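Quick notes on the structure that follows.
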DNA sequence: ATTATATATTCTGAATATTGAATAACCTAA
DNA sequence: TTAGGTTATTCAATATTCAGAATATATAAT
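Chains as they are written, first to last, in the working numbering: chain B, 1 to 138; chain E, 1001 to 1138.
Okay, here's the thing in structure tokens:
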């Protein structure tokens, strides 16, 4: 199968700021439910779900249902590297053009009514992943 | 300026098989003229020029005129790494789905009538870049 | 059953991307 | 100047993507 076609499809899946930000949330917070992403990004539920659908079809994320919640995570650690390298390239190219980029890390809103294990602790400083999950990344 | 927007634009510039292949030609053969790319890829001149225009606007390539010919090259070595990593990710994801990708390396046709220094030696086995240019890559 | 919560899908018009065809612009030589 | 070779742009038809609105689905509790 044509590699350039496939590679292009992968790039297309990444070619949207909302999808990049979702992937970044999954990368930094680890597996999380839709309402968590929705809350962090401050976007409508249907919108997030649409973008997650694109990422799922592209094979970049996997989902797992647990009761009412559906948890998403990166399909593979290599996606993290892909995100890092592309972000670095974007930063370099922007800097070359005299532009400085800011990748704002949005915080979890206190008002999230979701009861999933990830969002349930949202009153704490940062309800990220466990240290075990963190060690897998590094 | 929003980093995710910028990163998305970069991905969008890469989200096309013809553009990826052009970049690959520039990466492996170094600086080359439009007719060289046109010849290798077997596409119409206007089509190549359009795609080059997109890459130029995205800041991925630079052009330099020399007489009748315009020579294009990657703006920076970091683009090479970007191509490598994204290709590897595409290969991994495809393999994960039981698909094997082939990135065919098209050869320069003998019939190129162009007289630019790069294409002028097209009757030889491979009229790539000089060893000096090659060492800069590694 | 009904209700509530979390998530997914479908439909739509607007915006943007793709690509062939035609043509314009640029440079050199005579 | 004209002619010829190389590259760029414009136009138009088609296809795709974007993002809001509405609705559908899945699960749990009552």
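From the three backbone atoms N, C-alpha and C, an ideal C-beta is built for every residue, glycine too.
Since the structure is predicted, the reported quantities are computational estimates derived from the model, not experimental observations.
Cross-strand partners of residue 1073 (chain E) (DSSP beta bridge): As a working mapping, residue 1073 (chain E) is identified with position 73 in the second chain. Residue 1073 (chain E) pairs with E:1062.
Residues that residue 1097 (chain E) contacts on chain B, provided the C-beta gap is smaller than 9 Å: Stepping through the second chain from its first residue, residue 1097 (chain E) is reached at position 97. Those within 9 Å of residue 1097 (chain E) in chain B are 59.
Exposure label - residue 8 (chain B); buried when at least 16 CB within 10 Å: Locating residue 8 (chain B) in the first chain gives position 8, where the first residue counts as 1. By the neighbour-count rule (16 or more Cβ atoms within 10 Å), residue 8 (chain B) is buried.
Residue environment, residue 1021 (chain E), which counts as buried when at least 16 other CB atoms sit within 10 Å: For the purposes of this step, residue 1021 (chain E) is taken as residue 21 along the second chain, with counting starting at 1. Per the 10 Å Cβ criterion, buried.
Interface flag, residue 45 (chain B) vs chain E, CB-CB below 8 Å: Residue 45 (chain B) sits at position 45 when you count from the first residue of the first chain. No, its Cβ sits nowhere closer than 8 Å to a Cβ of chain E.
Neighbourhood of residue 101 (chain B) by C-beta distance below 7 Å, restricted to the same chain and skipping five residues each side: Translated into positions along the first chain, residue 101 (chain B) becomes position 101. Same-chain partners within the cutoff: 90, 91, 94.
The stretch 4-38 of chain B: positions lying closer than 7 Å to chain E by Cβ: 4, 5, 6, 7, 8, 10, 11, 12, 14, 15, 16, 17, 20, 21
C-beta atoms of residue 1038 (chain E) and residue 1073 (chain E) nearer than 8 Å: As a working note, residue 1038 (chain E) is residue 38 in the second chain. As a working note, residue 1073 (chain E) is residue 73 in the second chain. Not a contact, by the Cβ cut-off of 8 Å.
Chain-ordered neighbours of residue 92 (chain B) on chain E, where CB pairs are closer than 9 Å: Within the first chain, residue 92 (chain B) is the residue found at index 92, counting from 1. Those within 9 Å of residue 92 (chain B) in chain E are 1076, 1078.
Cutoff 6 Å; reference residue 1018 (chain E); Cβ partners in own chain excluding five residues on either side: Position 18 of the second chain holds residue 1018 (chain E). Hits under 6 Å: 1051.
Between the CA atoms of residue 1049 (chain E) and residue 1068 (chain E) - distance to the nearest angstrom: Numbered from 1 along the second chain, position 68 holds the residue referred to as residue 1068 (chain E). Numbered from 1 along the second chain, position 49 holds the residue referred to as residue 1049 (chain E). Taking the straight line from one Cα to the other gives about 15 Å.
N- and C-terminal bounds of the alpha helix (DSSP H) containing residue 3 (chain B): For this step, residue 3 (chain B) is matched to residue 3 along the first chain. Residues 3-14.
Presumed contact (8 Å Cβ cut-off) between residue 70 (chain B) and residue 61 (chain B), rounded CB distance: By one-based count along the first chain, residue 70 (chain B) stands at place 70. By one-based count along the first chain, residue 61 (chain B) stands at place 61. At roughly 11 Å, the Cβ-Cβ gap does not stay under 8 Å, so residue 70 (chain B) and residue 61 (chain B) are not in contact.
Which of helix, strand or coil DSSP assigns to residue 1035 (chain E): Along the second chain, one-based indexing puts residue 1035 (chain E) at 35. Residue state, collapsed to three classes: helix.
Below-8 Å beta-carbon distance, residue 1041 (chain E) vs any chain B residue: Within the second chain, the letter at position 41 stands for residue 1041 (chain E). No, because no Cβ of chain B sits closer than 8 Å to the Cβ of residue 1041 (chain E).
Below-8 Å beta-carbon distance, residue 1055 (chain E) vs any chain B residue: Translated into positions along the second chain, residue 1055 (chain E) becomes position 55. Chain B, which has no Cβ nearer than 8 Å to the Cβ of residue 1055 (chain E), makes this no.
Burial state of residue 1001 (chain E) (16 or more Cβ within 10 Å): Counting from 1 along the second chain, the entry for residue 1001 (chain E) is found at position 1. That one is exposed.
Chain-ordered neighbours of residue 1068 (chain E) on chain B, where CB pairs are closer than 8 Å: In the second chain, residue 1068 (chain E) corresponds to position 68, counting from 1. Near residue 1068 (chain E) there are no residues of chain B at all, since even the closest Cβ is about 29 Å away, more than 8 Å.
Residue 106 (chain B) versus residue 41 (chain B) - alpha carbon distance: Counted from its first residue, the first chain places residue 106 (chain B) at position 106. Counted from its first residue, the first chain places residue 41 (chain B) at position 41. Going from the Cα of residue 106 (chain B) to the Cα of residue 41 (chain B) covers about 7 Å.
For residue 4 (chain B) and residue 1096 (chain E), believed in contact at Cβ under 8 Å, the rounded distance: In the second chain, counting from the first residue as 1, residue 1096 (chain E) sits at position 96. In the first chain, counting from the first residue as 1, residue 4 (chain B) sits at position 4. In fact, because the Cβ distance is near 19 Å, the residues do not count as touching under 8 Å.
Distance between residue 36 (chain B) and residue 44 (chain B) (C-alpha atoms, nearest Å): Within the first chain, numbered from 1, the residue matching residue 44 (chain B) stands at position 44. Within the first chain, numbered from 1, the residue matching residue 36 (chain B) stands at position 36. Distance between the alpha carbons of residue 44 (chain B) and residue 36 (chain B): 12 Å.
Any C-beta of chain E under 8 Å from that of residue 87 (chain B): Your numbering for residue 87 (chain B) matches position 87 in the first chain. Yes - at least one Cβ of chain E is within 8 Å of the one on residue 87 (chain B).
Unbroken alpha helix (DSSP H) run spanning residue 1017 (chain E), endpoints: For the purposes of this step, residue 1017 (chain E) is taken as residue 17 along the second chain, with counting starting at 1. From DSSP, the alpha helix (DSSP H) with residue 1017 (chain E) extends over 1017-1029.
Residue closest to residue 77 (chain B), alpha-carbon to alpha-carbon, out of B:26, B:99, B:11, B:56: Here residue 77 (chain B) corresponds to residue number 77 of the first chain, with the count starting at 1. When each option's Cα is compared against that of residue 77 (chain B), the closest is B:26.
Burial state of residue 1126 (chain E) (16 or more Cβ within 10 Å): Translated into positions along the second chain, residue 1126 (chain E) becomes position 126. Residue placement at residue 1126 (chain E) is poorly supported in this model, since its pLDDT is 42, which falls under 50; the coordinates are not used for a value here.
Nearest-angstrom Cα separation, counted from residue 1113 (chain E) out to residue 1128 (chain E): For the purposes of this step, residue 1128 (chain E) is taken as the residue at position 128 of the second chain. For the purposes of this step, residue 1113 (chain E) is taken as the residue at position 113 of the second chain. In this prediction, residue 1128 (chain E) has a pLDDT of 43, which is less than 50 and means its spatial position is unreliable; what the coordinates show is noted afterwards. Going by the C-alpha atoms only, they are around 17 Å apart.
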